[in-house]
Amino acid sequence: FTNWGVYGRNYHVKNLVTSGSAAKITHINYAFGNVQNGKCTIGDSYADYDKAYTADQSVDGVADTWD
Numbered sequence: 008f009t010n011w012g013v014y015g016r017n018y019h020v021k022n023l024v025t026s027g028s029a030a031k032i033t034h035i036n037y038a039f040g041n042v043q044n045g046k047c048t049i050g051d052s053y054a055d056y057d058k059a060y061t062a063d064q065s066v067d068g069v070a071d072t073w074d
């Protein structure tokens, strides 16, 4: 799963469910993490965990909140 897919491709985790792909797989490989000083790091924090999803965009149908 490429984190940059949320931009130009507009491809999100929910697309795995709505396309039927999620029912056919057992693992998701995450692409494009970074390594700095021998440690795994986040390369794009917005795409990885800062982007807020509405209920319609969310896999579980619950909107993200910022508490």
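Under this note's numbering, think of the first position of the sequence shown as 8, with each following residue one higher. Think of the CB as a built atom: it goes at the ideal place given N, C-alpha and C, for glycine as much as any other residue. It should be emphasised that the depicted structure is a prediction, and the values quoted were computed from it without experimental measurement.
Reduced DSSP secondary structure (H/G/I, E/B, other) of residue i
i          : result
residue 9  : strand
residue 38 : strand
residue 17 : coil
residue 59 : coil
Host beta strand (DSSP E) of residue i (start-end)
i          : result
residue 42 : 41-43
Within 8 Å, strictly: CB atoms of residue i and residue j
i          : j          : result
residue 64 : residue 21 : yes
residue 54 : residue 10 : yes
residue 59 : residue 74 : no
Whole-Å CB distance - residue i paired with residue j, under 8 Å assumed
i          : j          : result
residue 24 : residue 69 : Between residue 69 and residue 24 the Cβ distance is about 14 Å, and since that is not below 8 Å, they are no contact.
residue 39 : residue 50 : 6 Å
Boundaries of the alpha helix (DSSP H) in which residue i is found, first to last residue
i          : result
residue 46 : Element bounds for residue 46: not the alpha helix (DSSP H) but the beta strand (DSSP E), 46-48.
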